[in-house]
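Since the structure comes first, as structure tokens, the remarks are kept for the end.
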Amino acid sequence: MLVIKQNQTPTRQAARRLGALSGLEVALCMQCGACAGACPLVGHMDHNPRQIMRQLQLGLGETLVGCRAPWVCATCDTCNVVCPRGLDVPRVMEALRVARLRAEPDAVHPGGFAREELSQSPTIALVAAFRKVTG
Amino acid sequence: MKVSYYPGCTLKSQARPLEEAARAAMARLGVELAELPRWNCCGVVHPLAADELMGHVAAVRNLVRAQEAGDGPLVTLCAMCYNTLARANRLMREQPDKLAVLNSFMDEEPDYQGGVRVEHLLGFLAREVGWEAVARQVRRPLTGWRVAAYYGCKLQRPREVAVEPPGSFQLLGGLLRALGATVVNFPATDLCCGSYQVLAEPALARELSSRILTRAGEAGAELLALSCPLCHYNLSRAAATGDPAGARPVYFTELLAWAFGEKEALEASWRPGPAREEGGHGRSADSPA
């Protein structure tokens, strides 16, 4: 499991940039929850995608800075295709990851990767996983 | 016919059977997969941050290679390579300012013009070859084989690069039917296998992969045909330790090569199950798990 630093410095500025980083107009979200209902990993998230959209609508992005959800997301795009407003929700997850890593490059430590998996996983898994945790 | 082909990193290592079977099968159809010279890793995942630019260099450099190779589509076998190259291609067409910066950055390369068409082999087979031509090459029909199509996440999502609309599974289904297999529908055809989270959250990837295999098994499938080396890895790991009644993953090109009589192409990663070797018709939908 990834080690995510919890005692991060305030990143209000990064939080304000989340909307721009995602390229999404989060106000368009009507909170129907289709994304959360369809997400195959929602049971392992501390904030589900709908809740994340709501926090961003309310300008409370900074409350999400230390959350696990974007690091559990596998970018499978299920939420993207079910959203009735056509919002590309995985971009919000990416914005949360990128904002965190830009403010604090070592916020997530890949030392948390499973050792057995590191030695056995195919290249495709290594490249994808390391790109996601190094920004 | 010669067609430009982008292999991707894993097809030269753990997923060699995906490529070897494809080459053998396409040769039977009169198609040569001409590997791009000096190709590099596509980056596997398409960077999503709105201001990201350098993360697209790897994919776009491959598109430059394809442009140099001439007209015609660029064919991929790996679902993730397809997705990453197709999305980068789309981004370069839609955002000329980003294309200009990348062209400037890669000043040792010819400028990318945005004209390459990225195709997954499934789409290429359906549109440029046709299922009838595929069926004519079958020497060893998969009669009685109960196979489910597994699309995973990257063949159909997001919509703008989908090989066919999400929820429609006609491409893999059409291919399997052309090979004589019985296509089994099951309710996890496009469920995520856990993807790269196998590194950070292996238990979670195992949970999703096991669910896919079990649901396919419950629907009566003995095999899952797929095109992604990462799905293949995750599902194989789950199959080795999980539900013995679950289906087993196999690359769709391996089934193609097998049906065309290219047995050798299959032997590296997959063999018919015990029921098949005994001449039976595999597990039935109502047999005990």
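Chains as they are written, first to last, in the working numbering: chain A, 1 to 135; chain B, 136 to 424. Yeah, the Cβ is synthetic: ideal placement off N, Cα and C, and Gly gets one too.
Quick check: what's the CA-CA separation for residue i versus residue j?
{"i": "residue 300/B", "j": "residue 292/B", "result": "9 Å"}
{"i": "residue 110/A", "j": "residue 43/A", "result": "23 Å"}
{"i": "residue 88/A", "j": "residue 294/B", "result": "10 Å"}
{"i": "residue 102/A", "j": "residue 383/B", "result": "41 Å"}
{"i": "residue 39/A", "j": "residue 78/A", "result": "6 Å"}
{"i": "residue 344/B", "j": "residue 272/B", "result": "33 Å"}
{"i": "residue 125/A", "j": "residue 285/B", "result": "19 Å"}
{"i": "residue 59/A", "j": "residue 180/B", "result": "29 Å"}
{"i": "residue 131/A", "j": "residue 276/B", "result": "42 Å"}
{"i": "residue 266/B", "j": "residue 246/B", "result": "37 Å"}
{"i": "residue 349/B", "j": "residue 283/B", "result": "12 Å"}
{"i": "residue 166/B", "j": "residue 210/B", "result": "11 Å"}
{"i": "residue 97/A", "j": "residue 174/B", "result": "29 Å"}
{"i": "residue 35/A", "j": "residue 76/A", "result": "12 Å"}
{"i": "residue 336/B", "j": "residue 148/B", "result": "23 Å"}
{"i": "residue 147/A", "j": "residue 297/B", "result": "Since the first residue of chain A shown is 1 and the last is 135, residue 147/A is not available in this structure."}
{"i": "residue 192/B", "j": "residue 237/B", "result": "7 Å"}
{"i": "residue 390/B", "j": "residue 305/B", "result": "17 Å"}
How would you list, in chain order, the residues of chain B whose beta-carbon sits under 9 Å from the beta-carbon of residue i?
{"i": "residue 88/A", "result": "183, 293"}
{"i": "residue 28/A", "result": "Within 9 Å Cβ-Cβ: nothing; residue 28/A doesn't reach chain B, min ~16 Å."}
{"i": "residue 34/A", "result": "Under the 9 Å cutoff, chain B gives no residues; its nearest Cβ is about 13 Å from residue 34/A."}
Along chain B, which residues have their Cβ under 7 Å away from the Cβ of residue i?
{"i": "residue 119/A", "result": "Under the 7 Å cutoff, chain B gives no residues; its nearest Cβ is about 11 Å from residue 119/A."}
{"i": "residue 187/A", "result": "Nothing about residue 187/A can be reported from this structure: the residues present for chain A run from 1 to 135 only."}
{"i": "residue 112/A", "result": "335"}
{"i": "residue 94/A", "result": "183, 184"}
{"i": "residue 23/A", "result": "185"}
{"i": "residue 2/A", "result": "335"}
{"i": "residue 141/A", "result": "Any property of residue 141/A remains undetermined from this structure, which presents chain A solely from 1 to 135."}
Consult DSSP for residue i and reduce its assignment to one of helix, strand or coil.
{"i": "residue 281/B", "result": "strand"}
{"i": "residue 131/A", "result": "helix"}
{"i": "residue 56/A", "result": "helix"}
{"i": "residue 386/B", "result": "strand"}
{"i": "residue 413/B", "result": "Summary for residue 413/B: the model assigns pLDDT 40, below 50, so the residue's position carries little reliability; its value from the coordinates is reported in the next sentence. In this structure, residue 413/B counts as coil in the three-state DSSP scheme."}
{"i": "residue 169/B", "result": "strand"}
{"i": "residue 254/B", "result": "strand"}
{"i": "residue 108/A", "result": "strand"}
{"i": "residue 219/B", "result": "helix"}
{"i": "residue 179/B", "result": "coil"}
{"i": "residue 398/B", "result": "coil"}
{"i": "residue 233/B", "result": "helix"}
{"i": "residue 78/A", "result": "helix"}
{"i": "residue 65/A", "result": "coil"}
{"i": "residue 209/B", "result": "strand"}
{"i": "residue 144/A", "result": "The question about residue 144/A has no answer, for chain A in this structure spans 1 to 135."}
{"i": "residue 430/B", "result": "Here chain B comprises residues numbered 136 to 424, so residue 430/B is not present and cannot be evaluated."}
{"i": "residue 273/B", "result": "coil"}
Mind pulling the chain A residues with CB within less than 8 Å of residue i?
{"i": "residue 332/B", "result": "41, 72, 74, 129"}
{"i": "residue 364/B", "result": "122, 124"}
{"i": "residue 221/B", "result": "Going along chain A, no residue has its Cβ under 8 Å from residue 221/B, so there is no contact; the nearest lies around 13 Å."}
{"i": "residue 148/B", "result": "122, 123"}
{"i": "residue 215/B", "result": "124, 128"}
{"i": "residue 343/B", "result": "40, 41"}
So which residues on chain B does residue i lean against when the C-beta distance must stay under 8 Å?
{"i": "residue 58/A", "result": "Near residue 58/A there are no residues of chain B at all, since even the closest Cβ is about 21 Å away, more than 8 Å."}
{"i": "residue 5/A", "result": "What residue 5/A touches in chain B: nothing, since even the nearest Cβ is about 15 Å away."}
{"i": "residue 44/A", "result": "336, 339"}
Classify residue i: buried if its beta carbon has 16 or more other beta carbons within 10 angstroms, exposed otherwise.
{"i": "residue 309/B", "result": "buried"}
{"i": "residue 123/A", "result": "buried"}
{"i": "residue 240/B", "result": "exposed"}
{"i": "residue 324/B", "result": "buried"}
{"i": "residue 158/B", "result": "buried"}
{"i": "residue 268/B", "result": "exposed"}
{"i": "residue 85/B", "result": "Any property of residue 85/B remains undetermined from this structure, which presents chain B solely from 136 to 424."}
{"i": "residue 243/B", "result": "exposed"}
{"i": "residue 289/B", "result": "buried"}
{"i": "residue 92/B", "result": "Summary: the structure shown does not reach residue 92/B, with chain B confined to residues 136 through 424, and so no result is reported for it."}
{"i": "residue 320/B", "result": "exposed"}
{"i": "residue 31/A", "result": "exposed"}
{"i": "residue 28/A", "result": "exposed"}
{"i": "residue 199/B", "result": "buried"}
{"i": "residue 128/B", "result": "With chain B covering 136 to 424 only, the question about residue 128/B has no answer from this structure."}
{"i": "residue 332/B", "result": "buried"}
{"i": "residue 313/B", "result": "buried"}
{"i": "residue 201/B", "result": "buried"}
{"i": "residue 55/A", "result": "buried"}
{"i": "residue 65/A", "result": "buried"}
Interface residues of chain A around residue i at Cβ under 7 Å?
{"i": "residue 326/B", "result": "40"}
{"i": "residue 145/B", "result": "122, 123, 124"}
{"i": "residue 329/B", "result": "74"}
Applying a beta-carbon distance threshold of less than 9 Å, which residues of chain A neighbour residue i?
{"i": "residue 368/B", "result": "120, 121, 122, 124, 125"}
{"i": "residue 205/B", "result": "Under the 9 Å cutoff, chain A gives no residues; its nearest Cβ is about 28 Å from residue 205/B."}
(request) For the stretch 294-375 of chain B, list the alpha helix (DSSP H) runs that are entirely contained and at least 4 residues long, ordered along the chain. (result) Within the stretch 294-375 of chain B, the complete alpha helix (DSSP H) segments of 4 residues or longer fall at 305-313, 332-335, 337-353, listed in chain order.
(request) Jot down the residue ranges of each uninterrupted alpha helix (DSSP H) in the stretch 140-164 of chain B, minimum 4 residues, whole runs only, in chain order. (result) As far as the stretch 140-164 of chain B is concerned, its whole alpha helix (DSSP H) runs of at least 4 residues are 151-163.
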